[in-house]
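J.: Before we start, here is the structure in question, set down as structure tokens.
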Amino acid sequence: MPKDFIVISSDDEDPDVVFCKCTMLMKGTNLSPADAASGGAITLEREPANTYDTSAIMVMDLHGKRVGRLTAGTTAALAALLDSRDVHCVAGKINSIDRECPSSGLVEVSLAGPSSKKVAVRSALKRTFTEC
172 MPKDFIVISS
182 DDEDPDVVFC
192 KCTMLMKGTN
202 LSPADAASGG
212 AITLEREPAN
222 TYDTSAIMVM
232 DLHGKRVGRL
242 TAGTTAALAA
252 LLDSRDVHCV
262 AGKINSIDRE
272 CPSSGLVEVS
282 LAGPSSKKVA
292 VRSALKRTFT
302 EC
């Protein structure tokens, strides 16, 4: 992770900056390893009405189709940040689909938000994602 933050937009009073790029485990996908080889673009969408996990975060393709969910172990802290609007997913891609367990895979996302929130958000993200 670079030590400097990347300015996404400088037109706002408080421009968005990229806080980190994280690789996360995705479950419940029906994509094949060949589908993932193209590095399909994705985004994240909260699913608070999920009866099994109120912190659920769906992995969506750019056409709005669900391609999986982030694992429950990573969603609690990230869901709170997404709900507060301190963080949003600015870019993402499917890295791989597990050949041994094709319903799971890895996604890589860049998380961004207002520059005034960078210290607090980075601290919260580091507690959840050791590589942020």
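Residue numbers for the sequence shown follow our numbering, beginning at 172 and rising by one.
Yeah, the Cβ is synthetic: ideal placement off N, Cα and C, and Gly gets one too.
Keep in mind that this is a model prediction, so the values were computed, not measured.
#1: Report whether the distance from the Cβ of Val-290 to the nearest heavy atom of the ligand FAD is below 8 Å.
#2: Could you say which of Ala-283, Pro-219, Gly-244, Val-292 lies nearest to Met-197 if we only look at CA atoms?
#3: Check whether the stretch 249–269 touches the stretch 221–229, taking contact to mean three or more Cβ pairs, one atom from each stretch, closer than 8 Å.
#4: If you reduce the DSSP assignment to three classes, tell me which class Arg-270 lands in.
#5: From Arg-217, Lys-236, Gly-263, pick the residue whose C-alpha is nearest to that of Met-195; which is it?
#6: Return the CA-CA distance between Asn-137 and Gly-235, expressed in angstroms with no decimal places.
#7: Provide the residue span of the alpha helix (DSSP H) that contains Lys-253, from first to last.
#8: Report the option in Asp-257, Arg-217, Val-280 whose CA atom is closest to the CA atom of Ser-294.
#9: Using 8 Å for Cβ pairs, my map puts Ala-291 next to Val-261. What's the rounded Cβ distance?
#10: What residue from Val-189, Cys-191, Thr-200 has the CA that sits closest to Gly-276's CA?
#11: Is Cys-272 buried or exposed, if buried means 16 or more other CB atoms sit within 10 Å of its CB?
#12: Would you kindly check if the distance between the Cβ of Pro-186 and the Cβ of Ser-255 is under 9 Å?
T.: According to the structure shown:
#1: With respect to the ligand FAD, the structure shown offers nothing to examine, as it has no ligands at all.
#2: For the purposes of this step, residue 197 is taken as the residue at position 26 of the sequence shown. Among Ala-283, Pro-219, Gly-244, Val-292, the Cα nearest to that of Met-197 belongs to Gly-244.
#3: Touching, yes, given that three or more Cβ pairs across the two stretches are closer than 8 Å.
#4: What you label residue 270 is simply residue 99 of the sequence shown in a count that begins at 1. Three-state result, Arg-270: coil.
#5: Numbered from 1 along the sequence shown, position 24 holds the residue referred to as residue 195. Met-195 has its Cα closest to that of Gly-263, out of Arg-217, Lys-236, Gly-263.
#6: What is shown of the chain runs 172 to 303, which leaves residue 137 out entirely.
#7: Taking the first residue of the sequence shown as 1, we reach residue 253 at position 82. Note on identity: in this sequence residue 253 is Leu, with Lys being the wrong assignment. Leu-253 -> alpha helix (DSSP H) spans 243–255.
#8: By 1-based counting over the sequence shown, the position of residue 294 is 123. It is Asp-257 whose Cα lies nearest to the Cα of Ser-294.
#9: As a first step, residue 291 must be located in the sequence shown, where it is residue number 120. As a first step, residue 261 must be located in the sequence shown, where it is residue number 90. Cβ atoms of Ala-291 and Val-261 stay farther apart than 8 Å, at about 18 Å.
#10: Start at 1 with the first residue of the sequence shown, and residue 276 comes out as number 105. For Gly-276, the nearest C-alpha among the options comes from Thr-200.
#11: Against the sequence shown, residue 272 aligns to sequence position 101. Counting C-beta atoms within 10 angstroms of its own C-beta, Cys-272 has fewer than 16 neighbours from the protein chains shown and is therefore classed as exposed.
#12: For the purposes of this step, residue 255 is taken as the residue at position 84 of the sequence shown. For the purposes of this step, residue 186 is taken as the residue at position 15 of the sequence shown. Cβ distance not < 9 Å, so Ser-255 and Pro-186 don't count as in contact.
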